[in-house]
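Listed in order, the protein sequences are those of chains A and B.
One point on numbering: in the numbering used here, the residue at position 55 of the first sequence is 55, and numbering is uninterrupted.
One point on numbering: in the numbering used here, the residue at position 121 of the second sequence is 121, and numbering is uninterrupted.
Note that CB positions come from ideal geometry on N, CA and C, so glycine has one too.
Some notes on the structure that comes next.
There are 2 protein chains.
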Amino acid sequence: MDEQELLLLGLLKVQSQHTYQLNDFIERNLSHLTEMKKPTAYAVLERLSKAGYVEVRGEQEGKRPPRKVYSITPAGEALYQRLLRENLAQSDHMRFAGNVGLMFLDDLPASEALALLSQRLQDLERLITVHEQAPRHEHGLGVDLALEHVLVHLRADRAWLQSTLERLEKMSPTR
Amino acid sequence: MDEQELLLLGLLKVQSQHTYQLNDFIERNLSHLTEMKKPTAYAVLERLSKAGYVEVRGEQEGKRPPRKVYSITPAGEALYQRLLRENLAQSDHMRFAGNVGLMFLDDLPASEALALLSQRLQDLERLITVHEQAPRHEHGLGVDLALEHVLVHLRADRAWLQSTLERLEKMSPTR
DNA sequence: AGCCTAATAGTCATGGTTGACTATTCACTG
DNA sequence: CAGTGAATAGTCAACCATGACTATTAGGCT
Numbered sequence: 001m002d003e004q005e006l007l008l009l010g011l012l013k014v015q016s017q018h019t020y021q022l023n024d025f026i027e028r029n030l031s032h033l034t035e036m037k038k039p040t041a042y043a044v045l046e047r048l049s050k051a052g053y054v055e056v057r058g059e060q061e062g063k064r065p066p067r068k069v070y071s072i073t074p075a076g077e078a079l080y081q082r083l084l085r086e087n088l089a090q091s092d093h094m095r096f097a098g099n100v101g102l103m104f105l106d107d108l109p110a111s112e113a114l115a116l117l118s119q120r121l122q123d124l125e126r127l128i129t130v131h132e133q134a135p136r137h138e139h140g141l142g143v144d145l146a147l148e149h150v151l152v153h154l155r156a157d158r159a160w161l162q163s164t165l166e167r168l169e170k171m172s173p174t175r
Numbered sequence: 001m002d003e004q005e006l007l008l009l010g011l012l013k014v015q016s017q018h019t020y021q022l023n024d025f026i027e028r029n030l031s032h033l034t035e036m037k038k039p040t041a042y043a044v045l046e047r048l049s050k051a052g053y054v055e056v057r058g059e060q061e062g063k064r065p066p067r068k069v070y071s072i073t074p075a076g077e078a079l080y081q082r083l084l085r086e087n088l089a090q091s092d093h094m095r096f097a098g099n100v101g102l103m104f105l106d107d108l109p110a111s112e113a114l115a116l117l118s119q120r121l122q123d124l125e126r127l128i129t130v131h132e133q134a135p136r137h138e139h140g141l142g143v144d145l146a147l148e149h150v151l152v153h154l155r156a157d158r159a160w161l162q163s164t165l166e167r168l169e170k171m172s173p174t175r
């Protein structure tokens, strides 16, 4: 849950922004790397602001309704540094929703299990394509690194799934 | 969020159980595959029960406080079948908290970034060892499959991290 | 008999996340 | 210049997950 804070602080560190800008940037450019939704961003910014890590300024532009522009404070910079270091030093737990299905694979006739996992493989290929299409070299080395990281896992998943399918096929010669 | 339902239904399908049994089994044997905590299991069972997918029976044994024994209903079996198929057919999104740090890697001096990622690697090695130690062949083919799946990802992460470290080292010859 | 630890069986306040909704303004088209 | 779709800027009720807490009973040791 700390990574939401880290992400917003990191973006605000580059430049002060209003919420629409932040959400828009995340949705457009980081959709493969985070799932943070709009209302969540509002809530996190509210939290950060209450705790003094960011400052809000109302800003009027033309006749538009005034919007809240957030800037990072010195305390926020310090928090950012701490969270960044923590985040980099720790590895992620690999817990996948898809594992629960695997646990009960034996409950299904082998042929159906194979069919379903083949669907999963297709779904995965689609995901891989989407990620491969994502543009690079637009937001710094780090973002590209993170994207490659995701792709590594997607490809590892594909390789595993393919070899698992083969293994299952051998075990139960379908027909 | 569906996988919590699937997991509990799957366990109840094998045999009716009371909550302590369920939680204990999950904690002892599936801790590498799910994060579901005790109060969550209580809540999910409550939900499932309210919706008619499981039945509760009070059971007295000796002088112990009566405990709730849950059994899966026919409607629950049907739900289980549906959730299992859905789960098997879909691939997981690969979203890692650790990616957020990577995005901002450029904010740190190269030497510190390297040091932190080395720590991450160590953390990862530890995790891999823990998972390799986990016993196999105790709870059916599916559980072993899921465990191998996790290990595949952990190892892929290690390989990626190692090569990334090398690449970063080359880019900034530390001293 | 008394005491301690582990097993058993929960509850609850709190905090995080988000789908769905509301409203205003801008830019363009016919 | 009325109408429309996209951009802008949020809010809110509802749901989920869980750390921390409470209690009782069983079994063993002294």
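Residues sharing a beta bridge with residue i, DSSP
{"i": "B:Y70", "result": "B:Q17, B:V56"}
Buried versus exposed, by CB contacts within 10 Å (16 or more), residue i
{"i": "B:H32", "result": "buried"}
{"i": "A:D106", "result": "exposed"}
{"i": "A:H153", "result": "buried"}
{"i": "A:G52", "result": "exposed"}
{"i": "A:H149", "result": "buried"}
{"i": "A:G76", "result": "buried"}
{"i": "A:S91", "result": "buried"}
{"i": "B:T34", "result": "buried"}
Straight-line Cα distance separating residue j from residue i
{"i": "B:H93", "j": "A:V14", "result": "28 Å"}
{"i": "A:S71", "j": "A:E55", "result": "5 Å"}
{"i": "B:V100", "j": "B:L48", "result": "36 Å"}
{"i": "A:Q4", "j": "B:A110", "result": "24 Å"}
{"i": "A:N29", "j": "A:L83", "result": "22 Å"}
{"i": "B:A156", "j": "A:L79", "result": "31 Å"}
{"i": "B:K37", "j": "B:N23", "result": "8 Å"}
{"i": "B:P135", "j": "A:F104", "result": "18 Å"}
{"i": "B:P74", "j": "B:L12", "result": "12 Å"}
{"i": "B:H139", "j": "A:S172", "result": "20 Å"}
{"i": "A:R158", "j": "B:D144", "result": "18 Å"}
{"i": "B:E27", "j": "A:R57", "result": "48 Å"}
{"i": "B:S163", "j": "A:T164", "result": "26 Å"}
{"i": "B:F25", "j": "B:P66", "result": "20 Å"}
{"i": "B:K68", "j": "B:L8", "result": "15 Å"}
{"i": "B:L151", "j": "A:E59", "result": "51 Å"}
{"i": "B:E86", "j": "A:L108", "result": "13 Å"}
{"i": "B:L141", "j": "B:Q21", "result": "22 Å"}
{"i": "B:E46", "j": "A:Q122", "result": "36 Å"}
Whole-angstrom C-beta distance between residue j and residue i, which should lie under 8 Å
{"i": "A:L222", "j": "B:L116", "result": "No answer is possible for residue 222 of chain A: it lies beyond the span of chain A, which begins at 1 and ends at 175."}
{"i": "A:L168", "j": "A:A113", "result": "7 Å"}
{"i": "B:T19", "j": "B:A41", "result": "6 Å"}
{"i": "A:R95", "j": "A:L161", "result": "Incorrect: roughly 17 Å between the Cβ atoms, too far for contact."}
Near the ligand GDP: residue i beta-carbon under 8 Å from a heavy atom
{"i": "B:T40", "result": "Looking for the ligand GDP in the displayed structure turns up nothing, as the structure carries no ligands at all."}
Sufficient close CB pairs (3 or more, under 8 Å) joining the region 118-137 of chain B to the region 128-146 of chain A: no
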